[in-house]
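Down below is the structure, laid out as structure tokens.
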Amino acid sequence: MLNFIQSQKQTLKISPSQIQLLNFFQLNSLELEQYIKNELEENPILEEGNSLNDDLAEDNFSTEDRTQDYMDWDEFNDDNLPDYRTRVNNYSDDDTFFAPTLVESIGWREEVKEQFHLLVDTERQRFLADYLVDSLTDEGYLQVSLDSLVDDVSFSSGMFVDDAEMQYLIDILRKLQPVGLGTSNLQECLLVQLERSQCPNAAIAKNLVKDYFDELATRNYDKLKRLCTFSLDEIKEAVALIATLNPQPVVGGQAATTLTVKDNVIPDYIVTVEGELLEVSLNSRGIPPLSINKSYSEALGGSKEVNSYLNSKINAANWLIEAIQQRESTMLKTMKAIVKLQKEFFVSGNVRLLKPMVLQDIADQIKMDVSTVSRVTSGKYAQTPFGIIHLKDLFTEGMKTDSGEEVSNRQIQLVLEEMITNEDKNNPLNDFQLTELLSQRGYQIARRTVAKYREILGILPSTLRRTL
Numbered sequence: 092m093l094n095f096i097q098s099q100k101q102t103l104k105i106s107p108s109q110i111q112l113l114n115f116f117q118l119n120s121l122e123l124e125q126y127i128k129n130e131l132e133e134n135p136i137l138e139e140g141n142s143l144n145d146d147l148a149e150d151n152f153s154t155e156d157r158t159q160d161y162m163d164w165d166e167f168n169d170d171n172l173p174d175y176r177t178r179v180n181n182y183s184d185d186d187t188f189f190a191p192t193l194v195e196s197i198g199w200r201e202e203v204k205e206q207f208h209l210l211v212d213t214e215r216q217r218f219l220a221d222y223l224v225d226s227l228t229d230e231g232y233l234q235v236s237l238d239s240l241v242d243d244v245s246f247s248s249g250m251f252v253d254d255a256e257m258q259y260l261i262d263i264l265r266k267l268q269p270v271g272l273g274t275s276n277l278q279e280c281l282l283v284q285l286e287r288s289q290c291p292n293a294a295i296a297k298n299l300v301k302d303y304f305d306e307l308a309t310r311n312y313d314k315l316k317r318l319c320t321f322s323l324d325e326i327k328e329a330v331a332l333i334a335t336l337n338p339q340p341v342v343g344g345q346a347a348t349t350l351t352v353k354d355n356v357i358p359d360y361i362v363t364v365e366g367e368l369l370e371v372s373l374n375s376r377g378i379p380p381l382s383i384n385k386s387y388s389e390a391l392g393g394s395k396e397v398n399s400y401l402n403s404k405i406n407a408a409n410w411l412i413e414a415i416q417q418r419e420s421t422m423l424k425t426m427k428a429i430v431k432l433q434k435e436f437f438v439s440g441n442v443r444l445l446k447p448m449v450l451q452d453i454a455d456q457i458k459m460d461v462s463t464v465s466r467v468t469s470g471k472y473a474q475t476p477f478g479i480i481h482l483k484d485l486f487t488e489g490m491k492t493d494s495g496e497e498v499s500n501r502q503i504q505l506v507l508e509e510m511i512t513n514e515d516k517n518n519p520l521n522d523f524q525l526t527e528l529l530s531q532r533g534y535q536i537a538r539r540t541v542a543k544y545r546e547i548l549g550i551l552p553s554t555l556r557r558t559l
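When we follow our numbering, the leftmost residue of the sequence shown carries the number 92, and every step to the right adds one.
Okay, here's the thing in structure tokens:
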């Protein structure tokens with residue numbers, strides 16, 4: 092016999108339309124602009140502009156058509172006048188948009204191959220030269236042994252290559268630009284650059300790199316002064332010369348893309364400050380107004396297939412228009428709450444006045460879910476009187492000082508950075524000492540937290556900050 096049990100429980104489910112809307116909130120201004128362009132191309136029901144402007148445009152067009160009927164051929168007498176004398180631009184220069192210039196560039200490997208081909212004679216050598224260049228790392232190092240390189244090229248090409256032939260090409264490679272190309276490690280790279288240097292203290296620097304590289308790498312200058320016979324001034328000049336050398340033959344990889352475009356940050360929010368008055372607006376410069384094309388929407392009433400297609404496009408267009416409005420409303424509400432909470436920071440621009448703030452704080456104020464706040468702030472930027480800021484930088488955790496004041500971790504990082512800037516570079520502060528100094532100022536944090544903040548700020552450990 093079957094037993095039926097009735098129970099009641101609450102579950103939370105997100106509909107596909109809600110998920111789509113949340114993903115729509117995450118788009119920044121540039122992504123939204125591209126999204127709208129794609130929709131305008133794919134959806135014939137959706138059009139740019141509003142119905143009022145369209146009606147005015149139709150009226151102007153019909154008036155121009157009627158005017159054409161009364162044209163006289165005498166009106167064409169002035170056609171030989173230059174256009175610049177009769178044309179007036181009724182818009183500001185700020186409304187003119189210029190696309191970023193596409194710059195054609197050649198990757199560093201192609202440049203090296205071109206140099207190589209001018210120094211070898213046969214097609215066989217050019218083939219081996221290309222293989223050798225392709226075997227370099229992205230930094231320009233040759234970290235493959237000669238035996239492995241010979242075996243690899245012999246196996247892949249099916250032709251016998253001996254060590255002497257490949258070594259001859261490696262020697263040519265190391266004479267090409269940039270200097271240090273084809274070396275196996277940092278030490279060799281620095282030595283090659285010093286050999287070509289014309290500086291008077293290059294010989295001393297070369298001696299230090301060759302014989303005392305470990306002491307230089309760890310900046311153990313005390314041991315270096317004990318081991319070598321050079322004076323302190325000679326060591327200082329040599330170390331200063333070494334610091335000017337490139338640690339990699341190919342710095343930054345010299346991106347090998349054929350087309351490069353310089354990306355610019357487009358702010359999503361605009362914050363204006365007038366005294367104590369703060370105003371928040373959205374940057375909607377590239378977002379056109381959208382409307383429904385009446386001619387298509389009035390075509391309903393045909394076949395079932397046509398009506399189904401038109402209804403789906405109308406629903407998609409209506410959803411997009413409403414989603415844009417809801418996105419703007421949610422973004423404004425969120426940004427106003429952020430500005431209200433961080434008013435002292437936005438008025439002064441002083442990072443030290445940032446208050447501890449997490450996503451939940453804003454979500455509680457605007458009565459929305461944390462995920463919604465996360466999406467309307469993720470990857471977004473705000474234009475302020477003191478520059479463009481990343482909204483992510485405004486969200487910081489905090490702690491209480493010994494005096495009971497609540498401060499953000501960003502403020503602690505600034506204090507830490509100030510301490511390291513003012514330290515004695517001959518005897519820099521280690522993480523334990525920094526922890527103790529912060530504790531004396533009322534910031535009770537652990538040593539590992541100090542190390543984490545130092546890494547966030549891009550500051551080297553104390554041993555690598557030491558100078559002569």
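Cβ atoms here follow ideal geometry from the backbone N, Cα and C, with glycine treated the same way.
Q: Have a look at Ala-294, Phe-437, Lys-327, Ser-98 and flag the residue whose alpha-carbon is nearest the alpha-carbon of Asn-517.
A: Closest in C-alpha terms to Asn-517, from the list Ala-294, Phe-437, Lys-327, Ser-98, comes Lys-327.
Q) Using the beta-carbon count (16 or more within 10 Å), is Tyr-534 buried or exposed? A) With a threshold of 16 other beta carbon atoms within 10 Å, Tyr-534 meets it and is buried.
Q.
Can you find the residues in the same chain that come closer than 6 Å, C-beta to C-beta, to Val-244, ignoring five residues on each side of it along the sequence?
A. Hits under 6 Å: Tyr-222, Val-252.
Q: Could you check if Asp-169 is buried or exposed, using at least 16 other CB atoms within 10 Å of its CB as the buried criterion?
A: Residue confidence is low: Asp-169 scores 44 on pLDDT, short of 50, so the model does not pin down where it sits. Its coordinate-derived value is still stated next. Counting the other Cβ atoms within 10 Å of the Cβ of Asp-169 gives fewer than 16, which makes it exposed.
Q) For Ser-561, which beta-bridge partners are listed by DSSP? A) Since the first residue shown for the chain is 92 and the last is 559, residue 561 is missing from the structure and cannot be characterised.
Q) Counting only runs that start and end within the segment 202–255, where is the alpha helix (DSSP H) found for 4 or more residues in a row? A) The alpha helix (DSSP H) runs of length 4 or more contained entirely in the segment 202–255 are, from start to end of the chain, 214–225, 237–248.
Q.
Quick check on DSSP: helix, strand or coil for Ser-275?
A. Secondary structure of Ser-275 (DSSP, three-state): coil.
Q | For Lys-458, three-class secondary structure by DSSP | A | Here DSSP, grouped into helix, strand and coil, assigns Lys-458 to coil.
Q: Check the DSSP bridge columns for Ala-473 and list the partner residues they point to.
A: As a beta-bridge residue in DSSP terms, Ala-473 pairs with Tyr-360, Ile-480.
Q) Within 10 angstroms of its Cβ, does Ala-294 collect 16 or more other Cβ (buried), or is it exposed? A) It is exposed - the Cβ of Ala-294 has fewer than 16 other Cβ atoms within 10 Å.
Q) What did DSSP end up calling Ser-465 once you bin it into helix, strand or coil? A) Three-state DSSP puts Ser-465 in a helix.
**Q.** One or two residues paired with Lys-316 in a DSSP bridge
**A.** Under DSSP, no beta-bridge partner is assigned to Lys-316.
Q. Would Asp-359 pass as a contact of Asn-114 if the rule is Cβ separation under 8 Å?
A. No, the Cβ-Cβ distance between Asp-359 and Asn-114 is not below 8 Å.
Q) Do you know offhand how far Gln-109's Cα is from Asn-406's? A) Computed Cα separation, rounded: 15 Å.
Q: Determine the burial state of Ser-239: buried for a count of at least 16 other Cβ atoms within 10 Å of its Cβ, exposed for fewer.
A: Taking all protein chains shown into account, Ser-239 has fewer than 16 neighbouring C-beta atoms within 10 Å of its C-beta and is therefore exposed.
Q: Can you have a look at Leu-323 and say buried or exposed, based on whether 16 or more other CB atoms are within 10 angstroms of its CB?
A: Classification of Leu-323: exposed, given that the 10 Å Cβ count is below 16.
Q. Short check: CB of Leu-267 to CB of Gln-206, under 8 Å?
A. Less than 8 Å separates the beta-carbon of Leu-267 from that of Gln-206.
Q. Between Asp-242 and Trp-199, what straight-line distance do the alpha-carbon atoms span, to the nearest angstrom?
A. Trp-199 has its alpha-carbon roughly 26 Å from the corresponding atom of Asp-242.
Q. Among all the DSSP beta bridges, which residues are the ones paired with Leu-137?
A. Answer is Ile-383.
Q) Closest to Lys-404 by CA distance: which of Glu-133, Phe-523, Tyr-126, Ser-98 is it? A) Nearest to Lys-404 by alpha-carbon distance, out of Glu-133, Phe-523, Tyr-126, Ser-98, is Glu-133.
Q. Does DSSP classify Thr-558 as helix, strand or coil?
A. Taken through DSSP and simplified to helix, strand or coil, Thr-558 comes out as coil.
Q: Could you tell me which residues DSSP pairs with Ser-499 in its beta bridges?
A: As DSSP reads the structure, Ser-499 sits in a beta bridge with Gly-489.
Q. Between Ser-120 and the ligand SAH, is the CB less than 7 Å from at least one heavy atom?
A. The model depicted lacks the ligand SAH and carries no ligand whatsoever.
**Q.** Rounded Cβ spacing between Leu-520 and Glu-514 (contact assumed at less than 8 Å)
**A.** Correct: roughly 5 Å between the Cβ atoms.
Q) How many Å lie between Glu-279 and Lys-297 at the Cα? A) Using only the alpha carbons, I get a separation of about 10 Å.
Q. Can the beta-carbon of Leu-528 be found closer than 8 Å to that of Met-510?
A. For the pair Leu-528 and Met-510, the CB atoms are nearer than the 8 Å cut-off.
(Q) Going by DSSP, what residue range makes up the alpha helix (DSSP H) through Ala-308? (A) 304–309 is the extent of the alpha helix (DSSP H) around Ala-308.
Q. From which residue to which residue does the alpha helix (DSSP H) around Tyr-534 run?
A. Element bounds for Tyr-534: n/a, residue is neither H nor E.
**Q.** Proximity winner among Val-371, Asp-522, Ser-275, relative to Tyr-472 (alpha-carbon distances)
**A.** Selected option, being the one with the closest Cα: Val-371.
Q. So which of Leu-260, Pro-269, Glu-256, Lys-458 has the shortest CA-CA distance to Glu-230?
A. For Glu-230, the closest of Leu-260, Pro-269, Glu-256, Lys-458 by C-alpha to C-alpha distance is Pro-269.
Q: Give me the Cα-Cα distance between Tyr-126 and Asp-484, rounded to the nearest whole angstrom.
A: So the alpha carbons of these two residues sit roughly 27 Å apart.
Q) Considering only C-alpha positions, which residue in the set Arg-418, Ser-248, Asn-337, Met-448 is nearest to Leu-373? A) Leu-373 has its Cα closest to that of Arg-418, out of Arg-418, Ser-248, Asn-337, Met-448.
Q: May I have the straight-line CA-CA distance separating Ser-226 from Tyr-259, to the nearest angstrom?
A: If I take the Cα positions, the gap works out to 16 Å.
Q) What residues in its chain sit with their C-beta under 8 Å from that of Arg-557, if we drop five residues either side in the sequence? A) Here the set comprises Arg-310, Tyr-312, Lys-516, Asn-517, Asn-518, Pro-519.
Q | Sheet register partners of Met-257 (DSSP bridge) | A | Beta-bridge annotation (DSSP): Met-257 is not paired with any residue.
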